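Novice: Residue numbers (the UniProt record's numbering), protein chains in the order written: chain R, 1 to 250; chain Y, 1 to 262.
For every residue, glycine included, the Cβ atom is placed at its ideal position computed from N, Cα and C.
Just so it is clear, the structure is predicted and the values come from calculations on it, not from any experiment.
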Amino acid sequence: MTVLVDFKNVNLRHGAQHVLDDVNINIVAGEIVTIVGPNGSGKSSLLRALIGALTPASGRIERAEGLRIGYVPQKLHIDPTLPMTVRRFLSMPRKITDKVATEALIQAGVPDLASRQMSTLSGGQFQRVLLARALLHKPQLLLLDEATQGLDQPGSAAFYRHIEKVRDELDCAVLMISHELHVVMSASDRVICLNGHVCCEGKPDVVASAPEYRALFGSGTRGALALYRHDHDHAHGDGCNHDHSHEAAE
Amino acid sequence: MLDSFLARAALAGLGVALAAAPLGCFVVWRRMAYFGDATAHASILGVALALSFNMSVFTGVLVVALIMATTVSTLSGRGYAMDTLLGVMAHSAIAFGLVAVSFLEGVRIDLMAYLFGDILAVGRTDLAVIWGGALLVIALVGWRWQKLLTATVSPDLAYANGIDPKREQLVLTIALAVVVAVAIKVVGVLLIAALLVIPAAAARPLSQTPERMAAIAAVIGALSALGGLHLAYTFDTPAGPTMVCVAAVMFALSSVVSLVRG
Numbered sequence: 001m002t003v004l005v006d007f008k009n010v011n012l013r014h015g016a017q018h019v020l021d022d023v024n025i026n027i028v029a030g031e032i033v034t035i036v037g038p039n040g041s042g043k044s045s046l047l048r049a050l051i052g053a054l055t056p057a058s059g060r061i062e063r064a065e066g067l068r069i070g071y072v073p074q075k076l077h078i079d080p081t082l083p084m085t086v087r088r089f090l091s092m093p094r095k096i097t098d099k100v101a102t103e104a105l106i107q108a109g110v111p112d113l114a115s116r117q118m119s120t121l122s123g124g125q126f127q128r129v130l131l132a133r134a135l136l137h138k139p140q141l142l143l144l145d146e147a148t149q150g151l152d153q154p155g156s157a158a159f160y161r162h163i164e165k166v167r168d169e170l171d172c173a174v175l176m177i178s179h180e181l182h183v184v185m186s187a188s189d190r191v192i193c194l195n196g197h198v199c200c201e202g203k204p205d206v207v208a209s210a211p212e213y214r215a216l217f218g219s220g221t222r223g224a225l226a227l228y229r230h231d232h233d234h235a236h237g238d239g240c241n242h243d244h245s246h247e248a249a250e
Numbered sequence: 001m002l003d004s005f006l007a008r009a010a011l012a013g014l015g016v017a018l019a020a021a022p023l024g025c026f027v028v029w030r031r032m033a034y035f036g037d038a039t040a041h042a043s044i045l046g047v048a049l050a051l052s053f054n055m056s057v058f059t060g061v062l063v064v065a066l067i068m069a070t071t072v073s074t075l076s077g078r079g080y081a082m083d084t085l086l087g088v089m090a091h092s093a094i095a096f097g098l099v100a101v102s103f104l105e106g107v108r109i110d111l112m113a114y115l116f117g118d119i120l121a122v123g124r125t126d127l128a129v130i131w132g133g134a135l136l137v138i139a140l141v142g143w144r145w146q147k148l149l150t151a152t153v154s155p156d157l158a159y160a161n162g163i164d165p166k167r168e169q170l171v172l173t174i175a176l177a178v179v180v181a182v183a184i185k186v187v188g189v190l191l192i193a194a195l196l197v198i199p200a201a202a203a204r205p206l207s208q209t210p211e212r213m214a215a216i217a218a219v220i221g222a223l224s225a226l227g228g229l230h231l232a233y234t235f236d237t238p239a240g241p242t243m244v245c246v247a248a249v250m251f252a253l254s255s256v257v258s259l260v261r262g
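#1: Which residues of the stretch 221-246 of chain Y have a Cβ closer than 8 Å to any Cβ of chain R? Give them in chain order.
#2: From the DSSP output, in three-state form, read off Lys43/R for me.
#3: Just to confirm, are Ala108/R and Leu144/R a CB contact at a threshold of 8 Å?
#4: Is it true that the CB of Ala20/Y sits closer than 8 Å to the CB of Leu196/Y?
#5: So, helix, strand or coil for Asp152/R, using DSSP?
#6: Quick one: grab the DSSP three-state call for Gly24/Y.
#7: Report, in whole angstroms, the separation of the C-beta atoms of Arg63/R and Val5/R, which I expect to be a contact under 8 Å.
#8: Relative to the C-alpha of Tyr114/Y, which residue among Ala42/Y, Leu18/Y and Phe251/Y is closest?
#9: Specify the secondary structure class of Lys8/R as computed by DSSP and reduced to three states.
#10: Do the stretch 157-166 of chain Y and the stretch 205-214 of chain Y touch if we need at least three Cβ pairs shorter than 8 Å?
#11: Let me see if you follow: with CB-CB separation under 8 Å, is Thr74/Y close to chain C or not?
#12: In the DSSP output, which residue or residues are listed as bridge partners for Asn26/R?
#13: Alpha carbon to alpha carbon, how far is Asp3/Y from Asp156/Y? Give it in angstroms, no decimals.
#14: Would you say Lys147/Y lies against chain R (beta-carbon separation less than 8 Å)?
#15: I need the straight-line Cα distance from Gly97/Y to Pro93/R, nearest angstrom please.
#16: Go ahead and pull the three-state DSSP assignment for Ser56/Y.
#17: From the DSSP output, in three-state form, read off Gly79/Y for me.
#18: Could you give the first and the last residue of the continuous beta strand (DSSP E) run that contains Ala173/R?
#19: In the DSSP assignment, find the unbroken alpha helix (DSSP H) run with Ile220/Y in it and report its ends.
#20: What residue from Ala134/Y, Val219/Y and Ile198/Y has the CA that sits closest to Val182/Y's CA?
#21: Is Glu31/R helix, strand or coil by DSSP?
#22: In chain R, what lies closer than 8 Å to Ile163/Y by C-beta?
#23: If you draw a straight line from the alpha carbon of Asp118/Y to that of Ser91/R, how long is it in whole angstroms?
#24: What residues are listed by DSSP as bridge partners for Ser58/R?
#25: Just the chain Y side, please: which residues come within less than 9 Å of Asp79/R by C-beta, in chain order?
#26: Using 8 Å as the threshold, is the C-beta distance between Val246/Y and Leu231/Y below it?
#27: Over what stretch of residues does the alpha helix (DSSP H) that includes Glu168/Y continue unbroken?
#28: Between Val16/Y and Val141/Y, which are expected to be in contact by the criterion C-beta below 8 Å, what is the C-beta distance as a whole number of angstroms?
#29: Report the residues of the stretch 199-210 of chain Y with a CB closer than 7 Å to any CB of chain R, ordered along the chain.
#30: Keeping to the same chain, check which residues put their C-beta closer than 7 Å to that of Gly240/Y; ignore five residues upstream and five downstream.
#31: With 8 Å set as the bound, which would you pick, yes or no: does the beta-carbon of Met84/R sit closer than that to a beta-carbon of chain Y?
#32: Do you know how far the Cα of Thr102/R is from the Cα of Gly70/R?
#33: Just verifying my parser: in three-state terms, what is the DSSP assignment at Phe5/Y?
#34: For a cutoff of 8 Å on Cβ pairs, would you count Asp126/Y as touching chain R?
#35: For the alpha helix (DSSP H) that contains Leu148/Y, what are its first and last residues?
#36: Among the residues of its own chain, which have a CB less than 7 Å from the CB of residue 252/R, if the five just before and after it don't count?
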């Protein structure tokens, strides 16, 4: 198994404030890892340190050589003074052909947006375009920072189904942050529970029953996990949009 | 052709307008409009230094503008907001500049010429400096265009693509300092920022992509320079301000177009 990213005793400070303390994690090729944790637990900072936007106060972040990263930020504000079509956005910073762009938009489920201005897109369309752009150059590691924020339940469920499909096609690792515990726990190979330090990590069911996790999230989400697992027993048609969120969202 | 002062003036205006256009777009996109002002105001100190140390005005202004630009870039995000820093730097620099000018003995400089520019007095050497600087800036911005654009849209997206947004910011700041230094003779300190911001702002409603906006801004800038010069010659008005007036009228027209279009 190839290790793509290795955090070695990473400490991150924001002024005097400790954001991350002695974090040791690694991501191997092809796995889906989810980071959960309360607000202010350093989840986004961890991703931003990974892309190089934040420098650790101590410790090292080792990336595989020539690692291709696809990054979907939490939210992106494009200033209205900057004219930017979806097509142009996809060609940034590397030019792509029209054929590749069309294909990417079809894959992302937004085939008709090419000539639209980025600033006029809805939340869901915007996230899909961001994802399409992140996938263009076949990343080995896809980073999603609460990528489904602002999407409704069916929208985010579809988004995660798409992520799983993408992982299977590209065989890329996925590191994501999410608050939607019931969805995430079922779709991940590994869960990292973060609260300034790594509280616990492991397979979803292991983490969900860990006392550290329950101290942070309560036992309600465990029920949600159980409910969601039950989902796997029956197949949904593609056109079927119902989910079990009303039961799961306790 | 270069023998005619009008031809030299036209070429000088054209050079500045073409370099200012793409740069002005970044100034607008990154909400740095005040940055141009501040760099320009600081250049009065550059004029004073140049005269005291017997350097060319271009060199003096370039040095001060570069120092000012890098200082602000470095200090920003360390407890002061950008506009506060720019306010402190710009007004201190212009105050020190004016005081320094008063110490210059035996030199009576025409401060008005630096505040408002004197495009009709552009000589062959000035022309070479202006076009040299303009081509340098155009080449620099063209070379780094994709990186500058990515860093402008989102520093985090830039990092994820292996681009260092701080380096791109520095490139932009240096280009801005160069444009201010070469433009001081043409439109003067007070109106340089106008030539950066107004054509870009006028181009916005007419553009679908960043490249279009830069190209249209260049056309509007060039028309403002040539049209302004023509009007200034016909009506015997000051050239620099007349050029800015023409640009402002084009901004008004493009705003009307965007209003009518809805």
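Specialist: For this structure:
#1: Result list empty, no residue passes.
#2: Here DSSP, grouped into helix, strand and coil, assigns Lys43/R to helix.
#3: No. Outside cutoff.
#4: Against a cut-off of 8 Å, the Cβ pair of Ala20/Y and Leu196/Y comes out as a contact.
#5: Asp152/R sits in coil when the DSSP states are folded into three classes, being neither helix nor strand.
#6: Looking at Gly24/Y - three-state DSSP - the assignment turns out to be helix.
#7: Yes, they are in contact, since the Cβ atoms of Arg63/R and Val5/R sit about 6 Å apart, within 8 Å.
#8: Nearest of Ala42/Y, Leu18/Y and Phe251/Y to Tyr114/Y, Cα basis: Ala42/Y.
#9: In this structure, Lys8/R counts as strand in the three-state DSSP scheme.
#10: The stretch 205-214 of chain Y and the stretch 157-166 of chain Y do not touch, with fewer than three beta-carbon pairs separated by less than 8 Å.
#11: Although the question refers to chain C, the structure presented lacks it and instead comprises the protein chains R and Y.
#12: Note: Asn26/R sits in a beta bridge opposite Asp6/R.
#13: So the two alpha carbons sit approximately 52 Å from each other.
#14: Between Lys147/Y and chain R, the shortest Cβ-Cβ separation is below 8 Å.
#15: Gly97/Y and Pro93/R: Cα-Cα distance of roughly 41 Å.
#16: Here Ser56/Y sits in coil by DSSP.
#17: In the three-state DSSP reduction, Gly79/Y falls in the coil class, being neither helix nor strand.
#18: From DSSP, the beta strand (DSSP E) with Ala173/R extends over Ala173 to Ile177.
#19: Where Ile220/Y is concerned, the enclosing alpha helix (DSSP H) starts and stops at Pro210 to Phe235.
#20: Of Ala134/Y, Val219/Y and Ile198/Y, the residue nearest in Cα terms is Ala134/Y.
#21: Coil.
#22: Within 8 Å Cβ-Cβ: Pro93.
#23: If you take the alpha carbons of Asp118/Y and Ser91/R, they lie about 43 Å apart.
#24: The partner list for Ser58/R (beta bridge, DSSP) reads Asn11/R.
#25: Simply Val28, Trp29, Arg30, Arg31, Thr152 and Val153.
#26: For Val246/Y and Leu231/Y, yes; Cβs fall inside 8 Å.
#27: Secondary structure note for Glu168/Y: its alpha helix (DSSP H) is the uninterrupted segment Pro165 to Ala183.
#28: Between Val16/Y and Val141/Y, the beta carbon gap of about 14 Å keeps them out of contact (Cβ cut-off 8 Å).
#29: Answer in chain order: Arg204, Ser207, Gln208, Thr209 and Pro210.
#30: So the list reads Phe116, Gly117, Ile119, Val186, Val187, Gly188 and Leu191, once near-sequence residues are dropped.
#31: Answer yes: the Cβ-Cβ gap between Met84/R and chain Y drops below 8 Å somewhere.
#32: Distance from the CA of Gly70/R to the CA of Thr102/R, rounded to the nearest whole angstrom, comes to 19 Å.
#33: Here Phe5/Y sits in helix by DSSP.
#34: With 8 Å as the cut-off, Asp126/Y does not count as an interface residue toward chain R.
#35: Run containing Leu148/Y: Trp145 to Val153, per the alpha helix (DSSP H) assignment.
#36: Residue 252/R is absent from the structure shown; chain R starts at 1 and stops at 250.
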